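Engineer: Chains as they are written, first to last, in our numbering: chain A, 2 to 469; chain B, 2 to 469; chain C, 805 to 979; chain D, 805 to 979.
Glycine included, every Cβ here is placed at the ideal spot set by N, Cα and C.
On a predicted model such as this, the values are computed, not experimentally measured, just so you know.
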Amino acid sequence: MFEKVLIANRGEIAVRIARACRELGVRTVAVYSTADSESAVVRMADEAVRIGPPASRHSYLNPAAIVEAARQTGAEAIHPGYGFLSEDADFAEVCADNGLVFIGPDPEVVRAFGDKARARTLMRRAGLPLNEGSAEILPSAAAARDVADQVGYPVIIKSVAGGGGRGMAVVWSPSELAGAYARTQLAAQATFGDNRVYLERYLVHARHVEVQVLCDSYGNGVHLGTRDCSAQRRHQKLVEEGPAPGLSPCTLDAIAGAAVRGALAVGYRGAGTFEFLVDDTEAFRFIEANCRIQVEHPVTEMITGIDLVHEQLHIAAGVPLRMRQDEVRLRGAAIECRVNAEDPDRGFAPAPGRLDRFRPPGGPFTRVDTHGYPGYLVGPYYDSLLAKVIVWAPDRDLALDRMERALHEFDIAGPGVRTTIPFLRRILDDAGFRKGRYSTGLVDRLVESPAPPGSGAAQDLPAPQPTN
Amino acid sequence: MFEKVLIANRGEIAVRIARACRELGVRTVAVYSTADSESAVVRMADEAVRIGPPASRHSYLNPAAIVEAARQTGAEAIHPGYGFLSEDADFAEVCADNGLVFIGPDPEVVRAFGDKARARTLMRRAGLPLNEGSAEILPSAAAARDVADQVGYPVIIKSVAGGGGRGMAVVWSPSELAGAYARTQLAAQATFGDNRVYLERYLVHARHVEVQVLCDSYGNGVHLGTRDCSAQRRHQKLVEEGPAPGLSPCTLDAIAGAAVRGALAVGYRGAGTFEFLVDDTEAFRFIEANCRIQVEHPVTEMITGIDLVHEQLHIAAGVPLRMRQDEVRLRGAAIECRVNAEDPDRGFAPAPGRLDRFRPPGGPFTRVDTHGYPGYLVGPYYDSLLAKVIVWAPDRDLALDRMERALHEFDIAGPGVRTTIPFLRRILDDAGFRKGRYSTGLVDRLVESPAPPGSGAAQDLPAPQPTN
Amino acid sequence: MSTPEYDNGVLADLRQQARLLVGEVAGPLRRIQISRGDAVVEIEWHGEHNGARVPAGVPGPVPRAAPVAATAAGTPAGNAAGTPAGNGSEPEAGAGSYSVVSPMVGTFYRAPEPGASPFVAVGDLVEPDRVVGVVEAMKLMNEVTAGRAGRVLDVLVDDGQPVEFGQALIALAPA
Amino acid sequence: MSTPEYDNGVLADLRQQARLLVGEVAGPLRRIQISRGDAVVEIEWHGEHNGARVPAGVPGPVPRAAPVAATAAGTPAGNAAGTPAGNGSEPEAGAGSYSVVSPMVGTFYRAPEPGASPFVAVGDLVEPDRVVGVVEAMKLMNEVTAGRAGRVLDVLVDDGQPVEFGQALIALAPA
């Protein structure tokens, strides 16, 4: 195992990684911007290096500063967390060039999955079912039109360099296509410096199911079950759960099997997530893979009892996979709610500020991952995720009741501070969600229907469509 | 299930019970003394009734006030928690007389186990091995002397009405016996209003192993595995873990089976704990049974995934046991550390005060049960338990590393406030404890050996005896 | 939209506000209504006392800090019972007064038995050992004595009402 | 007995104190020693500067609040480097001075190449665009300019030392 690991991230995931390292006896180096000098991980880590100003591109997105910090402190490996440089193939290469272990897949694998069009090609070769759409990138609006006519509307145009819900546009009719094609190209160029786009059929009521995989450097791979992340707003996840509810065991097995096949086909290493769309008929199609630890990884940890960050570290240190597939036991159900410093009543606008009160929930089968503490100043510079509340129970219904209890307990207050907790409670209250019959359309429906006075109980909401 | 339950307790266990009730949709009534008007459970509960002054005997030990509060609020059942009235057979009867469900065994069962001598007789009849000692109560010092001569020194003289480590004296030689007999009688009379005592052989290096049982009203019973509570100071538990380490599976099965047999023999109902002493040869002997939920119950919850307070409520509501023995799966290892507001450097004297900072640990497989919060005033009136930190891991070694990480994170500060955390860390560091080779002698050894500068690492401590 | 996750906090506050008002405001209680939707405590007194409606606004997730502004029910002018209590100042009746409190949780009775005349009436002069009421707990009648000499300003709890430990029962003006 | 569960908190504080002192106190650093047992920061400067020993007492579990009292190493009288920094006031050298800070994490060099004469020496008058040092990061030499005109009071970082973003490199007196 490594002697010392540098944590190239901030917020709750930096704390999460510091905890895993300490449990394994690995010393930690935190890096931080001048905006984060009071952050929890700086206090927790064995060492901390100030690497830049608040602006991410000069600090948490600055490979030179991070590698220098690793060199100065003698760290052997870098854990990138999620976001920031976690899926930056160039950074992974820079680490290698400087004799640092990048905790993640090889650069070429990261690069391959970073190019959505190439990822589709690779996964098609690996035999994974793909969502109908353009085989390769679209050279012109006309080409886009042809593919759209084949697969049928609505379609979604995606940037090959996109991901995490950015750089995509849904097109409902041929008349909108040319405009959407141009806009997406421009946006992609501006955002990712890469204007290539492709096109897929858009499944309105599809469910977003993902599979957690673990692979070592020796060709071994296992899956750790599924998660359902359909409760999204503008492609941003709010609630995640596992196992994906309401899907037949054989469908779940088929999806999980496909994910491992895809991972091994490209020589994947470490913890990764393969995302699929599943329609009403339980037909599933690969959409993309994530080469990082994900925000929602605790859902899988609570169901399997496996510490994913521990396994990332062991694998990166060259240890063969420590479990066989038949040793992975899925138990009960887990749910994660993302508590963001946002105001649901004002279009989820960021609502940062000083936390006068911050009392996370506790008690049985309740986990909180957060960098927040009483007196912490939630700044405007970074994403608004403040805490993750994860609960486990023998079955999904009890898990939902437990989450309701946990969110009820969560006491966050400060001038200007608002959180997504009230909206999360509406999701939990929704009849469709409780039945496990929901899709990516759920949150939009709740956003459109105003919260009933005294908080939205399921029966106050329009009865969901069966397909919903 | 009940509509409304009154919680006849305070502190972390009152919070624990309120959480279970809310998860099951049961409304809660908190009762509180004037010293607890700002307590966490008063804020959490649906209703709260002030029942008396700080002195327990006029509030939390006052059956009339509690039953009146239940009557006023229309509660159907009373959960007594642990301590206070939880094992008071008379209170259980008063509840029944007033049409209230006492969440616990029948009064006569509580009374039988409350009388240690009678409990021994009952368990002997049920075929449980007993620690050698007096068959019945000891009428005189001479009688005590006779028994002591038979079983051999050292012996321990116990009050039949005692329990929880109170009302007992260890006697190392015949010359001390008469005096100890008289002192214990006097103390027992003063403490419990019952001067009857009995005598057992005292096992210096014995381990304290207990079995968690669940029984319904229909003659069904299961065990939920074992816990080891040998890390005690003056018979007060500091660290508990499960399963009991270093004991052969067949010994564990035998002890667990004996516990269920004993419970069913007396028509036990609800959650209970049967305590045994286990010597170097893994021979085990029944010592006493506890008719309540115990402080350390989360250890069992994390290993089994079963919520013991949920089951208490279901059973009290007349629901048949919801699991068969073969459905109880034990998984991994769990450890609980009791964080008390005491100063280990001053003989564990209570060190109450206002909590300026209170940041409990979080993250993977880490649970905290506490009534503390930033700004909470830890008062001098009640016991000093401030928080319980419980961790789970696939194996005991990782659980210990995880607990070290969790205690390291726990940030408690306030004028005059001291906690047992530094001492708990010394226990975790102890070589004997880490090897699972420890007994009730462990803590005394650590107390006697001063903390090495820079905190006691195992190697700094005298090597433990094999039997230790 | 109110913040649902704090409903119980709100209830607790409402209950607390109600208790305070009942303690502060003179007059025999008729009924207390504690709501939640828009967080309302409604307290009704007997006789000429008007009810005091207390809308407890809960700004953001700050339940325990819920401010209480009392306004008279119906009449904009407010009244001696509601308004002063609401804005925290001592009500007339309570000025310099002393409260006889309940020694236990139970049921308060103004008279030794139904139909009998009350132990004390407003205006009575009482000695310290004078019985001013009884609190029944577990079928035991516990006499409550004045504790000090004074004139009965008001009886704060209605006959047969449940009382908490330490709850004010009788308002006395030191004699 | 110190409180072991806050060792890292203590370390963080020591590190912070050290960083502050280095920023506040003029003079080229020789070495920093951060201890833990009894919480000591030891900082050694080159030349006539004395080391400043900073015992950080940690009362109870209050790491972040660890008070810092600076006392001179050896001489009871204390010195310009240690004492004033310790009690928070500006050190002589720093009075009214301006610090040129590092634009990035890297390694600071006083001279363009080994053996060459330094970019600036104490006493030099510099223009805003005068290069006063370089910070190497990822094998790139990044020139650091004075930013404003002034006289070099001190070079705060030793040649070849690692520096953080924003760390003070050169103390200038406004010209």
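Could you check what DSSP says for residue 292(B) in three-state terms: helix, strand or coil?
Structural biologist: Coil at residue 292(B), not helix or strand.
Engineer: Checking 9 Å against the spacing of the C-beta atoms, do residue 221(B) and residue 321(B) come in under that value?
Structural biologist: Cβ atoms of residue 221(B) and residue 321(B): closer than 9 Å.
Engineer: Taking the alpha helix (DSSP H) that residue 213(B) belongs to, which residues open and close that run?
Structural biologist: First-last for residue 213(B): 208-216, but that is the beta strand (DSSP E), not the alpha helix (DSSP H).
Engineer: Answer with buried or exposed for residue 298(A), where buried requires no fewer than 16 other C-beta atoms within 10 angstroms of its C-beta.
Structural biologist: Per the 10 Å Cβ criterion, buried.
Engineer: Should residue 953(D) be flagged as near chain A, meaning a C-beta pair shorter than 9 Å?
Structural biologist: Judged by the 9 Å Cβ criterion, residue 953(D) is not in contact with chain A.
Engineer: Per DSSP, what kind of secondary structure is residue 391(A) in: helix, strand or coil?
Structural biologist: Three-state result, residue 391(A): strand.
Engineer: Quick one: does residue 459(A) have its CB under 9 Å from some CB of chain B?
Structural biologist: Bear in mind that a pLDDT of 34 at residue 459(A), under 50, signals an unreliable position, so the number given afterwards is only what the model happens to contain. Closer than 9 Å: no.
Engineer: Please confirm whether residue 853(C) has its beta-carbon closer than 9 Å to some beta-carbon of chain B.
Structural biologist: Only weak support is given to the placement of residue 853(C): the predicted model assigns it a pLDDT of 33, under 50, and the question is left unresolved by the model.
Engineer: Could you give the distance in angstroms between the alpha-carbon of residue 30(B) and the alpha-carbon of residue 72(B)?
Structural biologist: Approximately 11 Å, taken between the alpha carbons.
Engineer: For residue 242(A), would you say it is in contact with chain B, using Cβ-to-Cβ distances shorter than 9 Å as the test?
Structural biologist: No, no contact with chain B.
Engineer: Between the C-alpha atoms of residue 26(A) and residue 400(B), what's the straight-line distance to the nearest angstrom?
Structural biologist: Spanning the two alpha carbons is a distance of roughly 13 Å.
Engineer: In the region 48-70 of chain B, which residues sit with their C-beta less than 9 Å from some C-beta in chain C, listed in chain order?
Structural biologist: If the cut-off is 9 Å between Cβ atoms, the region 48-70 of chain B has 48, 49, 50, 51, 52, 53, 54, 59, 60, 63, 64, 65, 66, 67, 68, 69, 70 near chain C.
Engineer: Between residue 344(B) and residue 924(C), what straight-line distance do the alpha-carbon atoms span, to the nearest angstrom?
Structural biologist: Residue 344(B) and residue 924(C): Cα-Cα distance of roughly 53 Å.
Engineer: Using the three-state DSSP reduction, which class does residue 316(B) fall into: helix, strand or coil?
Structural biologist: The answer is helix: DSSP assigns residue 316(B) an H, G or I state.
Engineer: From the beta carbon of residue 10(A), is the nearest beta carbon of chain D less than 9 Å away?
Structural biologist: So, not an interface residue.
Engineer: Would you say residue 911(C) reaches chain B, if we count a Cβ-Cβ gap shorter than 9 Å as a contact?
Structural biologist: Cβ-Cβ to chain B under 9 Å: yes for residue 911(C).
Engineer: Just to confirm my understanding: we take residue 129(A), look at its own chain, exclude 5 residues before and 5 after, and list those with CB closer than 6 Å. What are they?
Structural biologist: Answer for residue 129(A): 259, 263, 287, listed in chain order.
Engineer: Going by DSSP in three states, residue 923(D) sits in which element: helix, strand or coil?
Structural biologist: Residue 923(D) falls in the coil class under three-state DSSP.
Engineer: State the start and end residues of the unbroken beta strand (DSSP E) segment that holds residue 413(B).
Structural biologist: Its beta strand (DSSP E) spans residues 412-414.
Engineer: Identify whether residue 426(B) lies in helix, strand or coil by the three-state DSSP scheme.
Structural biologist: Three-state DSSP puts residue 426(B) in a helix.
Engineer: Answer with buried or exposed for residue 98(A), where buried requires no fewer than 16 other C-beta atoms within 10 angstroms of its C-beta.
Structural biologist: Its Cβ having fewer than 16 others within 10 Å, residue 98(A) is exposed.
Engineer: Beta carbon of residue 353(A), beta carbon of residue 378(A): below 9 Å?
Structural biologist: Yes, the pair counts as a contact, with Cβ atoms nearer than the cut-off.
Engineer: Which residues, taken in chain order from the region 22-33 of chain B, show a beta carbon closer than 8 Å to some beta carbon of chain A?
Structural biologist: Listed by position along the chain: 23, 24, 25, 26.
Engineer: Mark residue 853(C) as exposed unless 16 or more other C-beta atoms lie within 10 angstroms of its C-beta, in which case mark it buried.
Structural biologist: Note on residue 853(C): pLDDT 33, under 50, position unreliable in the model; the coordinate value appears next. It counts as buried.
Engineer: Between the Cα of residue 940(D) and the Cα atoms of 903(D), 969(D), 901(D), which residue gives the shortest distance?
Structural biologist: Comparing Cα positions, the closest option is 969(D).
Engineer: By the three-class DSSP mapping on this structure, what secondary structure does residue 301(B) have?
Structural biologist: Residue 301(B) falls in the helix class under three-state DSSP.
Engineer: Against residue 375(B), what residues of chain A qualify as contacts under a CB-to-CB distance less than 7 Å, listed in chain order?
Structural biologist: Residues of chain A passing the Cβ test: 375.
Engineer: Could you list the residues in the region 403-428 of chain B with a C-beta less than 9 Å from some C-beta on chain A, going in chain order?
Structural biologist: Correct list: 403, 405, 406, 407, 409, 410, 412.
Engineer: Which whole-angstrom value describes the C-beta separation of residue 244(A) and residue 388(A), a residue pair presumed to lie in contact below a C-beta threshold of 8 Å?
Structural biologist: Going by Cβ atoms, the distance from residue 244(A) to residue 388(A) rounds to 24 Å, so no, they are not a contact pair.
Engineer: Rounded to whole angstroms, what's the CA-CA distance from residue 302(A) to residue 308(A)? Just pull it up for me.
Structural biologist: Approximately 6 Å between the Cα atoms of the pair.
Engineer: Can we say the region 153-167 of chain B touches the region 190-197 of chain B, given the rule of at least three CB pairs closer than 8 Å?
Structural biologist: A contact exists between the region 153-167 of chain B and the region 190-197 of chain B.
Engineer: Provide the residue span of the alpha helix (DSSP H) that contains residue 420(B), from first to last.
Structural biologist: Segment: none, residue 420(B) is in no alpha helix (DSSP H) and carries neither H nor E.
Engineer: How do the region 439-446 of chain A and the region 405-414 of chain A stand: do at least 3 beta-carbon pairs fall below 8 Å, yes or no?
Structural biologist: With the cut-off at 8 Å, the region 439-446 of chain A and the region 405-414 of chain A do not touch.
Engineer: Going by the DSSP bridge assignment, what does residue 159(A) pair with across the sheet?
Structural biologist: In DSSP, residue 159(A) forms a bridge with 169(A), 199(A).
Engineer: Using 9 Å as the threshold, is the C-beta distance between residue 315(A) and residue 2(A) below it?
Structural biologist: The answer is yes: Cβ separation under 9 Å.
Engineer: Do residue 292(B) and residue 57(B) count as a contact pair if the criterion is CB distance below 9 Å?
Structural biologist: Going by C-beta atoms, residue 57(B) is not nearer than 9 Å to residue 292(B).
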